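The structure appears below as structure tokens.
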Amino acid sequence: MRQLARLARESHARPMTGTPQPAVLVGPDELGVTFIGHSSFMVQIGGRRVLIDPVFANHLILLRRQRRAGLRIDELPPIDIVLLTHAHMDHLNITSLRRIIRSTRRQTGQTPEVVVPEGVEDLVAGLGFRKVRRLAWWHMAEVQGLEITMTPCKHWGARMFRDTYRGYGGYVIRFGKQSVYHSGDTAYFTGFREIGERLTPRVALMPIGAYFPDSYRVVHTSPEDALRGFVEMDAERMVPMHFGTFQLGREPMDEPVKRLLEEAKRLGISQKIKVLEEGETMRVFPH
Numbered sequence: 023m024r025q026l027a028r029l030a031r032e033s034h035a036r037p038m039t040g041t042p043q044p045a046v047l048v049g050p051d052e053l054g055v056t057f058i059g060h061s062s063f064m065v066q067i068g069g070r071r072v073l074i075d076p077v078f079a080n081h082l083i084l085l086r087r088q089r090r091a092g093l094r095i096d097e098l099p100p101i102d103i104v105l106l107t108h109a110h111m112d113h114l115n116i117t118s119l120r121r122i123i124r125s126t127r128r129q130t131g132q133t134p135e136v137v138v139p140e141g142v143e144d145l146v147a148g149l150g151f152r153k154v155r156r157l158a159w160w161h162m163a164e165v166q167g168l169e170i171t172m173t174p175c176k177h178w179g180a181r182m183f184r185d186t187y188r189g190y191g192g193y194v195i196r197f198g199k200q201s202v203y204h205s206g207d208t209a210y211f212t213g214f215r216e217i218g219e220r221l222t223p224r225v226a227l228m229p230i231g232a233y234f235p236d237s238y239r240v241v242h243t244s245p246e247d248a249l250r251g252f253v254e255m256d257a258e259r260m261v262p263m264h265f266g267t268f269q270l271g272r273e274p275m276d277e278p279v280k281r282l283l284e285e286a287k288r289l290g291i292s293q294k295i296k297v298l299e300e301g302e303t304m305r306v307f308p309h
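The opening residue of the sequence shown carries number 23 in my numbering; numbering runs sequentially from there.
Now the structure itself:
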């Protein structure tokens, strides 16, 4: 609790930075990956628009963001699907979800579907999603023409303290030859190699922050851990996440990206790493 109180005080000591950008739309044959901030992304694939762990709120109870979300909800295109990796408040934000639902309903008259891990469905059941789907590790669902597979990770899923029954995981989204992996929150584990062998994602969204003190690496990857997992997965491109937005660890806010790029250079794979600014979109064309 002392650590949390200190983080909350520090989060209010600096002004928020960053400016939201207009959403960049891509063609139906392209993969578009837009970094919103923290672990939040808009993924455009197979002509569908998918939000992953969308958190637009400026505050998580007492903790305040350090950088603004890269997109504005009222400027989003209609959203088809929302994926939630676990119930932690920096990944499942009820206020943001309600606003996303209202925005899409206003534009299309319909609302998105949502996919959650087993045990999380009760948190979103009454929000107005068109359909709530739940998945377990390695289970796949076809949702609006996309193949969505939940993947294992090394983390935990309780929203409060005692609801330890809640699931957690990552996702691989696939349409034809396009595919993207979002790890959710995770520590390094040998499952990265299996995810690569079984699902062969082209793009990997990997967390690189909240790793210090070292005890945090039980549930979070350091930049070097994330890069090791990416190499073992054998994906084509890596986009880092889980850094720069919320002060969740004790490392300096600008350290994760520096360490990531240094390690990538040492390994000779700098060309495979794409660090996105909030609101920036990476476009991936089919082979």
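Cβ coordinates follow ideal geometry from the N, Cα and C atoms, glycine included. Note that the structure is predicted; figures quoted are calculated from it, not measured.
### Message
Looking at the secondary structure, which residues open and close the alpha helix (DSSP H) in which A286 lies?
### Response
277 to 289
### Task
Assign Y203 to one of three DSSP states: helix, strand, or coil.
strand
### Query
According to DSSP, is Y190 helix, strand or coil?
coil
### Query
What are the boundary residues of the beta strand (DSSP E) that E273 is part of?
Run containing E273: none; DSSP gives neither H nor E here.
### Alpha-carbon to alpha-carbon, G266 and L84
17 Å
### Task
Pull up the DSSP beta-bridge partners for E169, would you.
E164, R196
#### Entry: beta strand (DSSP E) runs contained entirely in the segment 47 to 131, provided each spans 3 or more residues
53 to 59, 62 to 67, 70 to 74, 103 to 105
### Task
Grab me the residues of Y187's own chain with a C-beta within less than 7 Å of its C-beta, minus the 5 sequence neighbours each way, in chain order.
G141
### Pick from L221, R215, R71 that is closest to E135, judged by C-alpha positions
R71
### Query
Which class does K153 belong to by DSSP, given the choice of helix, strand or coil?
strand
#### Entry: Sub-9 Å separation of G189 and H110 beta-carbons
no
### Query
Are there 16 or more other CB atoms within 10 angstroms of the CB of D236, so buried, or fewer, so exposed?
exposed
### N-terminal and C-terminal residue of the alpha helix (DSSP H) that M255 is part of
245 to 255
### Query
What is the rounded straight-line gap between the Cα of R127 and the Cα of G150?
10 Å
### Message
For Q129 and R152, what's the separation of their Cα atoms in angstroms?
### Response
15 Å
### Task
Between the Cα of G167 and those of P308, I67, E97, spot the shortest distance and give me the residue it belongs to.
I67
### Query
Where do the N-terminal and C-terminal ends of the alpha helix (DSSP H) with V137 fall, by residue?
Careful: V137 lies outside any alpha helix (DSSP H), inside the beta strand (DSSP E) at 135 to 139.
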